[in-house]
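Structure first, then comments.
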Amino acid sequence: MEKKLQSDRTVGSATDWNEGRDQRIGVRGSYTELGEAAPRGAPKFLRRMGLQARPEREFKNGRLDGPGDPSYEVEAKASGRLELALSIANQRNPLAARVYVNRVWHYLFGEGLVRTPDDFGHLGKHPTHAELLDYLATRFMEEGWSTKKLIRLLVTSATWRQSSVPDPRAFDVDSENRLWHHMPMRRLEAEAIRDSLLTVSRRVDRTLLGPPIEPYRTAEDSQKRLFCGPLDGNGRRSVYLEMTLMEPPRFLALFNQPIPKQTVGRRDVTNVPGQALALLNDPFVIAMSTHWSQQLISDDAKSPEERVQRMLHVALGRPARANEVTSLVQLVRRTAKLRGNTGDLLAYQPAWQDAAHAIFNLKEFLYVP
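Next up, the structure:
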């Protein structure tokens, strides 16, 4: 009966209510002893940022017109939230653009130009390239605050196209790569690792939109509405997995996915035994190895070497090296022999499952330059 129920449809929207009013001040913070009424208006601490109210200024087309520093004026018929938002995100107040540009750089390169993306204050790190940060922020605003254009600019830059192997002389001078003399290696995020397993094993479902998928669980709790979803999430990408505060997807949590109730600008990156054990023994990883091997035994490969070359090319995004092909073919032959196979090696699925599982455990599969 529950499945027959039509779920409510919710439409997100925003409106500006006139909730502003004068408020009496609590004496020494007490809510029972009240003093004089304080008139509504702009927060005074924002004056230090140049965001104080000025009646001669006006908002037009999302921009703040008029001379002087960014500021906002609270209209009598408005709450002041819209004015505050527009004063923060405008071309005369580059702080918001700097913070956003720094986060995009951080997501792409693994470290930001300011290495404390959540803190641009006195306790945060100073930018390693202040002029570059200002240039990117200015260009970002001039191009209509377009994230797509910003990403296109960064990934077509000479910095992005650098090798991940540092020059020894540069490394001696700048071991932390603060001057960006090479492209740093970084591990894929938890969601990207799961999506890579789905993609390489040919199990991914690229359909856009749709309802969330319950994550796989070993135990259910109907009172907490924690139910077990399909092991592979029906092939859906990680963005469609349902997130709950009580029990987020455990596979993703192993690889430092933040707790859903927290806002995290910079994720923790750990390298612990539990992650290696998950890649060896987790049912999801084994299922993806099985699915990939079942796809492989029906391909048109003429030899084990040809199939191995294709596997490494798909998984690592580059042509396979001769020694890698030799080693993986030896693994396939060895595992087939240990399992007692004497028939056609290309058609023996368990051996190719072991090969697929081994590729999933390669460091190069989990890390990108």
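Each residue of the sequence shown is one higher than the one before, counting from 11 in the numbering used here.
Glycine is no exception: its CB is placed at the ideal position from the N, C-alpha and C atoms.
The structure presented is a predicted model; accordingly, all values stated were derived computationally and were not measured.
Problem - Own chain partners of residue 297 with C-beta closer than 8 Å, once the 5 adjacent residues on each side are dropped - result: Sequence-distant partners of residue 297 (beyond 5 residues in either direction) whose C-beta falls short of 8 Å from its own C-beta, in its chain, are 241 and 242.
Handout entry: residue 148 to residue 154 span [Cα, whole Å]
Key = So the two alpha carbons sit approximately 10 Å from each other.
Handout entry: Beta-carbon proximity check, residue 268 vs residue 253, cutoff 8 Å
Key = Taking C-beta atoms as the reference points, residue 268 and residue 253 fail to come closer than 8 Å.
Exercise for the section: Pick out whichever of 225, 339 and 281 has its Cα sitting closest to the Cα of residue 293. Expected result: Ranking the options by Cα distance to residue 293, first place goes to 225.
Practice task
Alpha carbon to alpha carbon, how far is residue 89 from residue 46? Give it in angstroms, no decimals.
Solution key: Those two C-alpha atoms are separated by around 22 Å.
Practice task
Report yes or no: do the stretch 124-134 and the stretch 178-185 share at least 3 C-beta pairs separated by less than 8 Å?
Solution key: Contact between the stretch 124-134 and the stretch 178-185 is absent, because fewer than three Cβ pairs lie under 8 Å.
Practice task
Could you pull out every residue in the same chain whose Cβ sits closer than 6 Å to the Cβ of residue 122, ignoring the five residues on either side in sequence?
Solution key: Once the five neighbours on either side are set aside, the close Cβ partners of residue 122 are 112, 115 and 116.
Handout entry: Separation of residue 265 from residue 430, as counted between CA atoms
Key = In the structure as shown, the chain starts at 11 and stops at 379, and residue 430 therefore has no counterpart that could be examined.
Problem - Collapsed DSSP secondary structure at residue 33 in the structure displayed - result: In the structure shown, the three-state DSSP call for residue 33 is strand.
Problem - C-alpha gap between residue 246 and residue 180, whole angstroms - result: Residue 246 and residue 180: Cα-Cα distance of roughly 43 Å.
Problem - Whether residue 255 touches residue 222 by CB criterion (8 Å) - result: Against a cut-off of 8 Å, the Cβ pair of residue 222 and residue 255 comes out as no contact.
Problem - Same chain only: Cβ atoms within 8 Å of residue 49, ignoring 5 sequence neighbours per side - result: Here the set comprises 32.
Exercise for the section: Taking all protein chains shown into account, decide if residue 75 is buried (16 or more other Cβ within 10 angstroms of its Cβ) or exposed. Expected result: In this prediction, residue 75 scores a pLDDT of 44, lower than 50, which makes its location untrustworthy; the coordinate-derived value is nonetheless stated afterwards. Exposed is the call here.
Practice task
Quick one: residues in its chain with C-beta nearer than 6 Å to the C-beta of residue 214, no 5 flanking neighbours on either side, listed in chain order?
Solution key: Taken in chain order, the residues that qualify are 208 and 245.
Handout entry: Closest by C-alpha distance to residue 371, when choosing among 343, 285, 152 and 310
Key = Selected option, being the one with the closest Cα: 285.
Exercise for the section: Keeping to the same chain, check which residues put their C-beta closer than 7 Å to that of residue 196; ignore five residues upstream and five downstream. Expected result: So the list reads 120, 377 and 378, once near-sequence residues are dropped.
Handout entry: Residue closest to residue 227, alpha-carbon to alpha-carbon, out of 217, 260, 202 and 216
Key = Considering only alpha carbons, the answer is 260.
Problem - Paired residues, beta bridge with residue 48 - DSSP - result: Answer is 33.
Problem - Unbroken alpha helix (DSSP H) run spanning residue 161, endpoints - result: Annotation: the continuous alpha helix (DSSP H) that includes residue 161 extends over 157-165.
Practice task
Return the residue from the list 169, 19 and 156 that minimises the CA-CA distance to residue 192.
Solution key: Residue 169 is the option with its Cα nearest to residue 192.
Handout entry: Close Cβ partners of residue 307 (< 6 Å) along its chain, the five nearest in sequence each way excluded
Key = If we look at residue 307 and ignore the five residues flanking it on each side, its Cβ neighbours are 357 and 359.
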